[in-house]
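Novice: So the protein lines, in turn, are chains L and R.
So the first sequence is numbered by the numbering used here: it starts at 5 and just counts up by one.
So the second sequence is numbered by the numbering used here: it starts at 747 and just counts up by one.
All C-beta atoms, glycine included, are put in the ideal place defined by N, C-alpha and C.
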Amino acid sequence: LAKTTQPISMDSYEGQEVNITCSHNNIATNDYITWYQQFPSQGPRFIIQGYKTKVTNEVASLFIPADRKSSTLSLPRVSLSDTAVYYCLVGDYGAPPFNKFYFGSGTKLNVKP
Amino acid sequence: ETGVTQSPTHLIKTRGQQVTLRCSSQSGHNTVSWYQQALGQGPQFIFQYYREEENGRGNFPPRFSGLQFPNYSSELNVNALELDDSALYLCASSPTALKRDEQYFGPGTRLTVT
Chain L
5 LAKTTQPISM
15 DSYEGQEVNI
25 TCSHNNIATN
35 DYITWYQQFP
45 SQGPRFIIQG
55 YKTKVTNEVA
65 SLFIPADRKS
75 STLSLPRVSL
85 SDTAVYYCLV
95 GDYGAPPFNK
105 FYFGSGTKLN
115 VKP
Chain R
747 ETGVTQSPTH
757 LIKTRGQQVT
767 LRCSSQSGHN
777 TVSWYQQALG
787 QGPQFIFQYY
797 REEENGRGNF
807 PPRFSGLQFP
817 NYSSELNVNA
827 LELDDSALYL
837 CASSPTALKR
847 DEQYFGPGTR
857 LTVT
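Dropping the structure here:
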């Protein structure tokens with residue numbers, strides 16, 4: 005079963021690049037890696053998803069090494085509004101009815117002025 | 747496009763009671779997943795429904811059950827409530843049950859068991 009491990013918290017300053025790494029040693033061949041952002045009292049919100057190598061969208065980049073046992077979310081030039089909890093999600097996809105999803109414990113990112 | 751909605755927003759129940767939480771999926775989505783999020787922890791997967799059938803289940807006891815209706819809305823039922831069931835319950839819908847599908851989360855229902 006694919007499970008994930010993340011740092012509990014990180015501090016950064018406005019304008020800096022932030023990299024958050026997630027470990028998923030038991031990831032299966034068919035699993036995708038997805039990152040979500042969550043603000044207090046809200047549901048998680050999709051940031052980015054990837055399978056291998058590098059993926060970039062308008063808000064973040066996702067780096068996945070060849071062995072896929074970890075992934076790194078990169079947030080360029082963070083602002084105060086990026087203060088949130090960031091989760092790495094790996095799916096365990098089997099033939100129905102065996103879909104399962106594993107969120108990590110999350111990384112609390114605190115952006116300071 | 748209407749997003750995922752959940753009701754009620756907050757709920758207080760007594761140990762041993764039963765509770766039903768409701769979720770309306772985003773328009774065009776046929777898959778709904780439910781998660782339990784205890785304070786300070788990540789969401790824990792309860793189960794997923796795809797076209798009215800259970801499509802996967804996490805490590806939750808049978809007293810956690812669900813339904814999905816023809817319009818793809820969903821219910822989460824919890825029987826014999828325990829104090830540890832106090833949590834934020836999140837519903838997420840996705841266009842299909844494919845592994846690459848993004849999940850769209852609702853705001854959650856905060857359940858307090860006393």
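CA-CA distance, leucine 739/R and glycine 812/R?
Specialist: As shown, chain R starts at 747 and ends at 860. That puts residue 739/R outside it, with no answer to give.
Novice: Go ahead and label serine 85/L buried or exposed: buried means 16 or more other beta carbons lie within 10 angstroms of its beta carbon, across all protein chains shown.
Specialist: With fewer than 16 Cβ atoms within 10 Å of its Cβ, serine 85/L is classed as exposed.
Novice: Looking only at its chain, what residues have a beta carbon closer than 8 angstroms to the beta carbon of tyrosine 36/L, apart from the 5 residues adjacent to it on each side?
Specialist: So the list reads Gln53, Gly54, Tyr55, Val94, Gly95, once near-sequence residues are dropped.
Novice: By the criterion of Cβ-Cβ separation under 7 angstroms, what are the contact partners of glycine 110/L in chain R?
Specialist: Per Cβ cutoff of 7 angstroms: Gly788.
Novice: Which same chain residues end up closer than 6 angstroms to isoleucine 24/L when comparing Cβ atoms and leaving out the 5 residues on each side of it in sequence?
Specialist: Once the five neighbours on either side are set aside, the close Cβ partners of isoleucine 24/L are Leu77, Tyr90, Thr111.
Novice: Taking a Cβ distance cut-off of 9 angstroms, strictly less, list which residues of the stretch 812-839 of chain R are near chain L, in chain order.
Specialist: Under the 9 angstroms Cβ criterion, the stretch 812-839 of chain R contributes Leu834, Leu836, Cys837, Ala838.
Novice: Could you list the residues in the stretch 29-62 of chain L with a C-beta less than 9 angstroms from some C-beta on chain R, going in chain order?
Specialist: Answer in chain order: Asn34, Asp35, Tyr36, Thr38, Tyr40, Gln42, Ser45, Gln46, Gly47, Pro48, Arg49, Phe50, Gln53, Tyr55.
Novice: Give me the chain R residues within the contact set of lysine 116/L, using Cβ-Cβ distance strictly less than 8 angstroms, ordered along the chain.
Specialist: Per Cβ cutoff of 8 angstroms: no residues; lysine 116/L is ~21 angstroms from chain R at best.
Novice: Cα-Cα, which of Pro48/L, Arg72/L, Val115/L is closest to serine 109/L?
Specialist: The residue with the shortest Cα to Cα distance from serine 109/L is Pro48/L.
Novice: Just list the residues that DSSP pairs glycine 19/L with in beta bridges.
Specialist: Glycine 19/L is not bridged to any residue.
Novice: Between lysine 7/L and chain R, is there a C-beta pair that is closer than 8 angstroms?
Specialist: No, its Cβ sits nowhere closer than 8 angstroms to a Cβ of chain R.
Novice: What is the DSSP secondary structure of serine 85/L, reduced to helix, strand or coil?
Specialist: In the structure shown, serine 85/L sits in a helix (DSSP, three-state: H, G or I).
Novice: Consider the Cβ of phenylalanine 791/R: report whether some Cβ of chain L lies at a distance smaller than 8 angstroms.
Specialist: Yes, because at least one Cβ of chain L sits closer than 8 angstroms to the Cβ of phenylalanine 791/R.
Novice: Is it true that the CB of glutamate 18/L sits closer than 8 angstroms to the CB of leucine 79/L?
Specialist: Contact: no.
Novice: Residues of chain R with CB under 9 angstroms from tyrosine 91/L, in chain order?
Specialist: Simply Gly788, Pro789.
Novice: I need the DSSP call for leucine 785/R, collapsed to helix, strand or coil.
Specialist: Looking at leucine 785/R - three-state DSSP - the assignment turns out to be coil, as it is neither helix nor strand.
Novice: Could you tell me the alpha carbon to alpha carbon distance between threonine 777/R and arginine 81/L, rounded to whole angstroms?
Specialist: Cα-Cα distance, rounded: 35 angstroms.
Novice: Can you look up leucine 827/R in the DSSP assignment and give me helix, strand or coil?
Specialist: Note: leucine 827/R maps to coil in three-state DSSP.
Novice: What residues in its chain sit with their C-beta under 6 angstroms from that of glutamine 763/R, if we drop five residues either side in the sequence?
Specialist: Answer for glutamine 763/R: Leu827, listed in chain order.
Novice: Taking 8 angstroms as the CB-CB cut-off, is proline 754/R touching chain L?
Specialist: Cβ-Cβ to chain L under 8 angstroms: no for proline 754/R.
Novice: Could you tell me the distance, in whole angstroms, from the CA atom of threonine 33/L to the CA atom of glutamine 787/R?
Specialist: Looking at the two C-alpha atoms, the distance is approximately 27 angstroms.
Novice: Is the Cβ of alanine 784/R closer than 8 angstroms to any Cβ of chain L?
Specialist: Not an interface residue.
Novice: Quick one: residues in its chain with C-beta nearer than 7 angstroms to the C-beta of threonine 842/R, no 5 flanking neighbours on either side, listed in chain order?
Specialist: Correct list, in chain order: Asn776, Thr777.
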